[in-house]
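**Student:**
Number of protein chains: 2
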Amino acid sequence: MGMGRPREFDAETALDQAMEVFWRHGYEGATIAQLTEAMGINPPSLYACFGNKEGLLKAALDRYTKLRNVWMDEVVAAPTARDVAERMLMGIADKQTDPANPPGCLLVQGGIACGTGSESVPFELAARRAENEDQLRDRFIRAKAEGDLKESADPAALARYVSAVSVGMGVMASSGSDREALQQVASVAVQAVEAQSANRT
Amino acid sequence: MGMGRPREFDAETALDQAMEVFWRHGYEGATIAQLTEAMGINPPSLYACFGNKEGLLKAALDRYTKLRNVWMDEVVAAPTARDVAERMLMGIADKQTDPANPPGCLLVQGGIACGTGSESVPFELAARRAENEDQLRDRFIRAKAEGDLKESADPAALARYVSAVSVGMGVMASSGSDREALQQVASVAVQAVEAQSANRT
DNA sequence: CCACATCTGTAGTGAACACTACATATCTGG
DNA sequence: CCAGATATGTAGTGTTCACTACAGATGTGG
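Residue numbers (the working numbering), protein chains in the order written: chain U, 1 to 201; chain P, 202 to 402.
1) Give the residues from the segment 352–366 of chain P that approach chain U closer than 8 Å (Cβ to any Cβ), ordered along the chain.
2) I think P:R330 touches P:V285, with their Cβ atoms under 8 Å apart; what is that distance to the nearest whole Å?
3) Leaving out five residues on either side along the sequence, give the residues of the same chain with a beta carbon under 7 Å from the beta carbon of P:Q384.
4) Helix, strand or coil: which one does DSSP assign to U:S45?
5) Sorted by chain position, which residues of the same chain lie with C-beta nearer than 7 Å to U:I112's C-beta, five sequence neighbours on each side aside?
6) Do the CB positions of U:G110 and U:F22 come within less than 9 Å of each other?
7) Report yes if the C-beta distance between P:D217 and P:R264 is below 9 Å; otherwise report no.
8) With DSSP as the reference, identify every bridge partner of U:L136, one or two as the case may be.
9) Determine, for P:L337, whether the minimum Cβ-Cβ distance to residues of chain U falls below 9 Å.
10) Could you list the residues in the segment 100–133 of chain U with a C-beta less than 8 Å from some C-beta on chain P, going in chain order?
11) Are the CB atoms of U:I32 and U:P44 within a distance shorter than 9 Å?
12) Compare the beta carbon distance of U:A78 and U:K150 with 9 Å and say whether it is the shorter of the two.
13) Which runs of the beta strand (DSSP E) at least 3 residues long sit entirely within the segment 56–118 of chain U? Give them in chain order.
14) List, in order along the chain, the chain U residues whose C-beta lies closer than 8 Å to that of P:Q385?
15) Which partner residues of U:S197 appear in the DSSP bridge assignment?
16) So, U:A181 versus U:M172, is the Cβ gap smaller than 9 Å?
17) Report buried or exposed for P:A390, applying the criterion of at least 16 other Cβ atoms within 10 angstroms of its Cβ.
18) Which residues in the same chain have their Cβ closer than 8 Å to the Cβ of P:D335, if we skip the five residues on either side of it in sequence?
19) Name, please, each residue of chain P whose Cβ falls closer than 7 Å to the Cβ of U:M90.
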């Protein structure tokens, strides 16, 4: 038995295009027509490959978080908790204003509030954001064990805080804030982590 | 000439209901059917009173920001920049997890990303958020003039920072974070403002 | 009580949406 | 070269959307 006609488009390249559309317009704001046009395919190809619109979003999110995790590994490799926060927030200021991408963060732009039938999308995005927060928390737990953070420091609270600032910066970026403005926010935000750091002698 | 049949519903009460629907589902996620049902009126009454869906949103935003401004006046009345930040962020932790309202903030939930035909909505929300940021900035300028903030402090950057944390907290609240989690974020965030404060003797 | 103005409820309107039926094209295994 | 399997492009499907035409109801001024 034959294996059928081969696919004429590259799934990952198409996903990159779809990701950009979701990033710019959100899940509900993105239409199948926009997605198929950006991906250079017709609707039946999209549905055969990704199931439905939500399946396409999840595939795009998988790709987004995969790339992002590579970067997060570099972030948590910084020597101290303070440097982790700085590397993360300054990096976000750069990435979220990179003209090569839509402004902001797909995990925020994708959909904070959704209508009937898409209630699961905000949860999906929140779950992906939580993964990053967990990674930060683990890193801050280590920092505390290493004596890098004060005994009174709460690693989970610090991770939540850095995560919250990241999200806030994403919203600012999407509504027009430039790189310098985001860097100012990052710069101030880092000082809260510094305040939780043990004094170096 | 007669004055016509009088309106049978109260516009402000109806606006409160509409505000809640936009708050919970976002601008695009909210349907006219949901709005009219919540408001207890029929579509023609809605359109006669508010013009169209976007006009209804703007009226709801006017009402929301009006109530919010009363509270912001109390916030900036705090004696120091640090106390302003604490009062604001702790207050937000409370308000955004108040079961009397949908979680989060209407100025965020309303719509970060919108599709074709609603591109102006995210700008509208951003403009309203910017008003609060301006108010904070003015308050921090005063704090600096009073010697409450360090000479090296940047009031605009601090205002942007507090605003960014507020937005981040709003997204967290809408995705299920409880009051305690938000209070932890607020508590950490305040320390960055503290770090910019002059030492009290 | 009548002319006029405004509101209300019913019942739609056309447009845009996510999704798909179907015929055709292109591959593999035998 | 043929049979089975999968992809593709065209052209739709039914549903839901924001919005409205229209007729009847309810008010005011003369």
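The beta carbon of each residue, even a glycine, is placed where N, CA and C say it ideally should be. Nothing here was measured: the structure is a model prediction, and the numbers come from that model.
**Tutor:** Let me spell this out:
1) Answer set for the segment 352–366 of chain P: D355, A357, A358, L359, R361, Y362, S364, A365, V366.
2) Reading the second sequence from its first residue, position 129 is the one you call residue 330 of chain P. Reading the second sequence from its first residue, position 84 is the one you call residue 285 of chain P. With 8 Å as the limit, P:R330 and P:V285 do not qualify as a contact, their Cβ atoms being about 17 Å apart.
3) Residue mapping note: residue 384 of chain P aligns to position 183 of the second sequence, counting from 1. Spatial neighbours of P:Q384 in its own chain (CB-CB distance under 7 Å, excluding positions within 5 residues in sequence) are listed in chain order as M291, A294.
4) Residue numbering aside, residue 45 of chain U sits at position 45 when the first sequence is read from its first letter. Of the three classes helix, strand and coil, the one that applies to U:S45 here is helix, per DSSP.
5) Position 112 of the first sequence, counted from the first residue, corresponds to residue 112 of chain U. P122.
6) To locate residue 110 of chain U, count along the first sequence from 1; it is residue 110. To locate residue 22 of chain U, count along the first sequence from 1; it is residue 22. Yes, they are a contact pair.
7) Numbered from its first residue, the second sequence carries residue 217 of chain P at position 16. Numbered from its first residue, the second sequence carries residue 264 of chain P at position 63. Cβ atoms of P:D217 and P:R264: closer than 9 Å.
8) As a first step, residue 136 of chain U is located in the first sequence; it is residue number 136 there, counting from the start. Answer is none; U:L136 lacks a bridge partner.
9) The sequence position of residue 337 of chain P within the second sequence is 136, counting from 1. Against chain U, the CB of P:L337 has no partner CB under 9 Å away; the residue lies outside that interface.
10) Cβ contacts with chain P come from G104, V108, Q109, G110, G111, I112, A113, C114, G115, T116, S118, P122, F123, L125, A126, R129.
11) Here the question's residue 44 of chain U lines up with position 44 in the first sequence. Here the question's residue 32 of chain U lines up with position 32 in the first sequence. At a Cβ-Cβ threshold of 9 Å, U:P44 and U:I32 do not count as neighbours.
12) Working through the first sequence from its first residue, we reach residue 78 of chain U at position 78. Working through the first sequence from its first residue, we reach residue 150 of chain U at position 150. In terms of Cβ geometry, U:A78 and U:K150 do not form a close pair [threshold 9 Å].
13) Runs found: none.
14) Numbered from 1 along the second sequence, position 184 holds the residue referred to as residue 385 of chain P. Here the neighbours are D154, A156, A157, R160, Y161.
15) As a first step, residue 197 of chain U is located in the first sequence; it is residue number 197 there, counting from the start. U:L149.
16) The sequence position of residue 181 of chain U within the first sequence is 181, counting from 1. The sequence position of residue 172 of chain U within the first sequence is 172, counting from 1. Closer than 9 Å, so yes.
17) Here the question's residue 390 of chain P lines up with position 189 in the second sequence. Classification of P:A390: buried, given that the 10 Å Cβ count is 16 or more.
18) Within the second sequence, the letter at position 134 stands for residue 335 of chain P. Around P:D335: A360.
19) Along the first sequence, read from residue 1 onward, the residue named residue 90 of chain U stands at position 90. Result: empty, since nearest Cβ-Cβ is about 14 Å, beyond 7 Å.
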